[in-house]
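Have a look at the structure below before the remarks.
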Amino acid sequence: MWYLLRKLGLLLLTAWAAITLNFLLPRLMPGTPADAAIAKLAQNGPVDPATRAAIEAQLGVPTGDAWSQYVQYLGNVSRLDFGVSYTFFPQSVSTLVMNALPWTLVMVGLVTIIAFVVGTLLGVLAAWKRGTWLDTLPTLGGTFTSAFPYFWTALLVVFFLGYQLKWFPTSGAYGLESTPNLSLAFISDVIGHAWLPALTILITSVGGWILGMRNNMINTLGDDYVTFAEANGLRSRTVAVKYAARNAILPNLTGFGLSLGGVVGGSLLVEQVFNYPGVGYLLYNAVTNQDFPLMQALFLMLTISMLLANFLVDLLYGLLDPRTRR
Amino acid sequence: MSLLEVNGLSVVYEPRGAEPTYAVRKASFSLERGEFVGLVGESGSGKSTLGFAVTRLAKAPARISEGTILFDGRDIASMEEEELRKQRRGGFAMVLQSGMNALNPVRSIRKHFGDIFAAHGHVPKTKRLARAYDLLEKVELPRTVLDRFPGELSGGMRQRVSIALALSLEPQLMVFDEPTTALDVLVQHAVMGTIRDLQKSENFTALLISHDLGIVLESTSRVMVMSEGVIVEDGTSQQILQAPQHQYTQMLLGHYADPRAEVVQVPGLVVRGSTISTTGHSSVVAAVSPERGETATGTPSAPARRRAGRPEASAIVVDGVTKVYPRPRRGQDAVTAVDGVSFTLEQGQSMALVGASGSGKSTLAKLVTGIERPTSGTIHFGEARVDTLRRKGLRGLRREVQMVFQDPYSALNPLHTVEYALMRPVLNYTGLHGGAARTRVLELLETVGLTPVEQFAAKLPHELSGGQRQRVVIARALACDPQVIIADEPVSMLDVSLRAGVLALLDDLRVTFGVSMLYITHDLLSARLVTDQIMVLNQGRVVESGLTAQVLRFPEDPYTMELLDAIPQPHRAGARR
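Sequence order for the protein chains is A and B. In terms of the numbering used here, the first sequence opens at residue 975 and continues consecutively. In terms of the numbering used here, the second sequence opens at residue -10 and continues consecutively.
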């Protein structure tokens, strides 16, 4: 119980620090967004004061002292109000994020979990059957595929599975002719469109989990408790799963937490290649168009989700490893 | 019919890309039912490999290359996995060396028992809990242990749990591989007592593998001695003790002595009677390293020259020192590691600091070297107050006070040569450079008897034996001509045959160079051999101190007596049976 409270306190503290930093950073930078816009206009000639006033009014110039701004900011954050996007004016930032988030969460999130589960299982198998083809194949294959760059894998997948074999559509999250609803037809359309990006992420990320798990497990297989369990005549499946793998997975959980936290950031390159309307795609747009409110909201969301994922992994650790519970 | 009959068994290690080596060569022996047999040998003698082979736990790259192992009349050397697994119930069990790590850290003790019962199904479900309680009682553990995780138990308790788990298999043969080596002296004594009692009451056949002939002779009725993969001697404990045939057995026995005796003698070490020895220095040098020739002793002028301009010889004065560590976790108490300790270590003196683990002896070493600061009390080294020194002062202190660490396998950086390891302190502390520094390094190697020096200088730690590594560690401590050497269990990781050499070297340094020594140990025999003064620590307090010979021969404190009683004694062979 104490463990839980301590971790929760730590989570709240770091979240507050992140939110505050997100408030401070833009204010510590020289100039305002209005200055940036005016500077752009100034390249074509002098900017008259009326235009300047109009731009400032449109983008909003902060009023009041820093403290009252901070209080107002905290209020806005708690209402998830991050202002209006420059690029997709007049849509609000929260609407944009809320539209993009589900696509990313479902597609990237599911694939991350699948990659972890599949990679871990293959790693356990490889270590347990060390030296056989069950070891060589996943280990060599994993090393090979994890060295592929995202975009290159994406191009291969698009070319062979999408263009030549025409098994799956090559871009977007759903077909142009279907409209979003909860019908079976639409959902299968979405799944069809998700195949290629998902496959790309899976191919490039599963190798790391295989190698990590295999190496950890080979270490634990050399541990005395595994030898002792064998000496006591436990079934080999029990020894492999409850003794060796159970201990080998612990260090991998931290990495899993980090990649889960990163899911919310989307998978920038993959979403870009497949025109997938997720958070990565949105982030790319925000950065290329200097859309400050959108960027700020996305970065904050990324930070917070990273913290949450780590918190969950900490709790999981507490459940799985009695040594951390004290 | 014997319970276990091993015929012409050889075990070969075949690492990939390296020459195969035979760890066990054509071993043949048999164990009768109910017999308690010891298997003794130094590290690398193949005794553990043999133990793993007869319980069929040898894993790649080790492989049984020839021979048969008849257990109860059936050959298990070539048995299939699943049949072998079933044989482990009511067959042969093993208790591993590092019982500390023999338990799965994420499973409770209850689940450990459950796993075994589930694997063999020999205890009906309703009776499993009662059986577990019964087994815990046999190894003298409370029932509450069942719901603990291994990390919550002490080393001795964990080893008792592994014995209980092995017992739950109802084995006919129990193999104990160094069951108490990693444990504290007093705990070791108690656990060995439990093993002996269990062997008698449960009447299983037992094979006790150990490097310590003392422990083995105390417990077993028959002893096999192994050297370089071959069983060189096999006889009753009395025969081994009174008329050892093989040279190797004689050597092992020669290194036992009773620290309580009037005169204690071990080959390679000078005799120390009740008075401080002042005569046998030259004999020490000759005995330590005959290969080293006539150097080292005759040149006290060199260190004297280097000493010029440095503080005069001074004593370490510890006065009323207490060290309290803050409570490690919520709900636990603060730990008082050292409690009001005072002593004076005069220049050129050697003092032993003995006690069981947790008695505060290592903490005291940290305080004297300035690594930790005392909570209260003062430590003087000459003019300097060690407990308040800052960076520069500490640097000066380290030039005068050096450590020799317990584990020579981890005290040297495996990536650097011996020369590099010795060059660092020479460059840092002596102001020598280039050729002069190199000359000094070679001189140091000669002092510790690692000749030919040029060859040893170029070696990497893994190319050296444990004893040679410890000599390098000692040479490193000597590099800056310190006045005090603090040796923290310098021989506890070494084989018996190497111990005397290292101890004699330390003693020799004290005599030749006037280095004073604080010798930290749990081994009272070695304390008797190399020190004049002794302090016995129990839970941070000095319970007894004085002349080593006096204190060990006529102990007054019950704790000292307990420590003395815990020392395995070969001559007690059979006495406890």
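Think of the CB as a built atom: it goes at the ideal place given N, C-alpha and C, for glycine as much as any other residue. None of these values were measured; they are calculated from a predicted model.
Can a CB atom of chain E be found closer than 8 Å to the CB of residue i?
| i | result |
| --- | --- |
| A:Phe1230 | Included in the structure are the protein chains A and B, with no chain E among them. |
Is there a Cβ from chain B that is less than 8 Å from the Cβ of residue i?
| i | result |
| --- | --- |
| A:Asp1197 | yes |
| A:Leu957 | Since the first residue of chain A shown is 975 and the last is 1300, residue 957 of chain A is not available in this structure. |
| A:Phe1056 | no |
| A:Pro1076 | no |
| A:Tyr1217 | yes |
| A:Asp1295 | yes |
| A:Asn1155 | no |
| A:Arg1220 | yes |
For chain A, is any of its Cβ atoms less than 8 Å away from the one on residue i?
| i | result |
| --- | --- |
| B:Gly262 | For B:Gly262, the predicted model reports a pLDDT of 43, less than 50, meaning its position is unreliable and no value from the coordinates is stated. |
| B:Val540 | no |
| B:Met83 | yes |
| B:Val273 | No answer about B:Val273 holds up, because its pLDDT of 35 lies below 50 and its placement is not dependable. |
| B:Asp484 | no |
| B:Ala108 | yes |
| B:Arg99 | no |
| B:Asn93 | yes |
| B:Ile105 | yes |
| B:Arg316 | no |
Provide the residue(s) that pair with residue i in DSSP beta bridges, ordered along the chain.
| i | result |
| --- | --- |
| A:Phe1090 | In DSSP, A:Phe1090 forms no bridge with anything. |
| B:Ser505 | B:Val473 |
| B:Ala16 | B:Leu(-2) |
| B:Arg63 | B:Phe60 |
| B:Thr333 | B:Val306 |
| B:Arg374 | B:His369 |
| B:Thr194 | B:Leu162 |
| B:Glu222 | B:Val214 |
| B:Thr325 | B:Val313 |
| B:Gly535 | B:Ile523 |
| B:Gly27 | B:Leu197, B:Val212 |
Cutting at 8 Å between CB atoms, please list the residues of its own chain near residue i, excluding the five before and the five after it.
| i | result |
| --- | --- |
| B:Ala426 | Met412, Val415, Leu416, Thr419 |
| B:Ala516 | Pro248, Ala341, Val343, Tyr508, Thr510, Ile523, Thr537, Leu541 |
| B:Asp484 | Glu31, Ser32, His200, Gly455, Gly456 |
| B:Gly309 | Gly329, Val330, Ser331, Ser365, Gly366, Thr367 |
| B:Gly40 | Leu28, Met83, Val164, Asp166, Leu196, Ile198 |
| B:Val532 | Val525, Leu526, Asp546, Tyr548, Thr549 |
Report all residues from its chain with a CB closer than 6 Å to the CB of residue i; omit the five preceding and five following residues, and keep chain order.
| i | result |
| --- | --- |
| A:Thr1119 | Ile1177, Gly1181 |
| A:Ala1101 | Arg1188, Met1191, Ile1192 |
| A:Met1280 | Gly1235 |
| B:Ile152 | Val84, Val128 |
| B:Arg78 | His109, His111, Leu158 |
| A:Thr1277 | Ala992 |
| A:Phe1122 | Thr1178 |
| A:Thr1110 | none |
Please return the same chain residues whose Cβ sits closer than 7 Å to the Cβ of residue i, not counting the five positions on each side in sequence.
| i | result |
| --- | --- |
| B:Ser(-9) | Ser19, Leu20, Glu21 |
| B:Val219 | Arg14 |
| B:Pro559 | Leu202, Gly203, Leu206, Leu230, Leu242, Tyr245 |
| B:Pro450 | Leu401, Pro403, Arg458 |
| B:Met550 | Pro544 |
Going by C-alpha to C-alpha distance, which of the options sits closest to residue i?
| i | options | result |
| --- | --- | --- |
| B:Leu230 | B:Val212, B:Gly218, B:Ile220 | B:Val212 |
| B:Ser210 | B:Asp201, B:Ile198, B:Ser226 | B:Ser226 |
| B:Val504 | B:Gln228, B:Ala476, B:Gly40, B:Asn192 | B:Ala476 |
| B:Asp136 | B:Gln76, B:Tyr122, B:Ala250 | B:Tyr122 |
| B:Ala42 | B:Ile58, B:Ser34, B:Leu28 | B:Ile58 |
| A:Gln1065 | A:Met1275, A:Pro1267, A:Ile1278, A:Tyr1199 | A:Pro1267 |
| B:Gln86 | B:Val164, B:Gly27, B:Ser351, B:Tyr11 | B:Val164 |
| A:Ala1222 | A:Arg1299, A:Ile1029, A:Leu1099 | A:Leu1099 |
| A:Ile1175 | A:Ile1029, A:Arg1220, A:Phe997, A:Ser1233 | A:Ser1233 |
| B:Lys36 | B:Gln472, B:Ala354, B:Glu222 | B:Glu222 |
| B:Leu124 | B:Gly349, B:Glu141, B:Phe106, B:Phe138 | B:Phe106 |
| B:Glu251 | B:Leu73, B:Ile184, B:Leu518 | B:Leu518 |
Using 7 Å as the cut-off, classify the Cβ of residue i as near or not near the heavy atoms of the ligand PLP, replying yes or no.
| i | result |
| --- | --- |
| B:Val532 | For the structure depicted, the ligand PLP is absent and the ligand set is empty, with no information on it obtainable. |
Using a Cβ-Cβ cut-off of less than 7 Å, list which residues of the stretch 112 to 140 of chain B approach chain A; keep chain order. Phe138, Gly140
Taking only beta carbons into account, state which residues of the stretch 1197 to 1212 of chain A come closer than 9 Å to chain B, listed in chain order. Asp1197, Asp1198, Tyr1199, Val1200, Thr1201, Phe1202, Ala1203, Glu1204, Ala1205, Asn1206, Gly1207, Leu1208, Arg1209, Ser1210, Thr1212
Against chain A: residues of the stretch 38 to 61 of chain B by CB proximity under 7 Å: Thr44, Leu46
Which residues of the stretch -3 to 28 of chain B have a Cβ closer than 8 Å to any Cβ of chain A? Give them in chain order. none
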